[in-house]
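Notes follow the structure.
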Amino acid sequence: MNRFGRFALESWQTLAPAALSQIPEPNRHFSELGEEAESQWASLWPQLLDQDTPGEDFFTKAGRVEAAKMQAEEMIRADLLIPPEELQEPEEGAGPGPLNEVMQAWRGVLDEDS
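Here my numbering is used: position 90 in the sequence shown is 91, and no number is missing along the way.
Written out as structure tokens, the structure reads:
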């Protein structure tokens, strides 16, 4: 299972354990989901990369490439890897947990950009 699949599985274990228990063969499911996410990430990050700037040094370009990769990963995680809100379970005795709050805020940012 790749890093995307592990992230998805851990997210479902934390945020939607009841829904996770309904998924047959969860390891296979999240391995396949991770491969799909990796494929989408590999296609997306080059699209997010700005054009090279004449005279740009190596470190500046490396920073732009890493920023595009990180942005693509954040988008993939928000869109594909965390359980939908309707499947998420509230934490005991509290409102939304920190991860849930961050992901909801990120979804709001993505919705504004659409």
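Glycine included, each C-beta is placed from N, C-alpha and C at the ideal position. All values derive from a computational prediction rather than experimental measurement.
Look at Leu-50 here: in three-state DSSP terms it is coil, with no helix or strand label. Straight-line measurement puts the Cα of Pro-55 at about 53 angstroms from the Cα of Ser-22. Annotation: the stretch 15-45 contains the following complete segments of the alpha helix (DSSP H) (minimum length 4 residues), in chain order: 18-22.
Nearest to Arg-7 by alpha-carbon distance, out of His-30, Glu-86, Pro-91, is His-30. The C-beta separation of Arg-65 from Asp-80 comes to about 23 angstroms, leaving the pair out of contact by the 8 angstroms criterion. Contact check between the stretch 41-51 and the stretch 9-27: fewer than three CB pairs, one atom from each, fall below 8 angstroms, which does not count as touching.
Boundaries for Arg-78: no alpha helix (DSSP H) harbours it, and the DSSP string shows neither H nor E there. Sixteen is the threshold: when 16 or more other Cβ atoms of the shown chains lie within 10 Å of the Cβ of Met-104, as they do, the residue is buried. For Ala-69, same chain residues with a beta-carbon under 6 angstroms away, outside a window of 5 residues either side, are Trp-46, Leu-49, Leu-50 in chain order.
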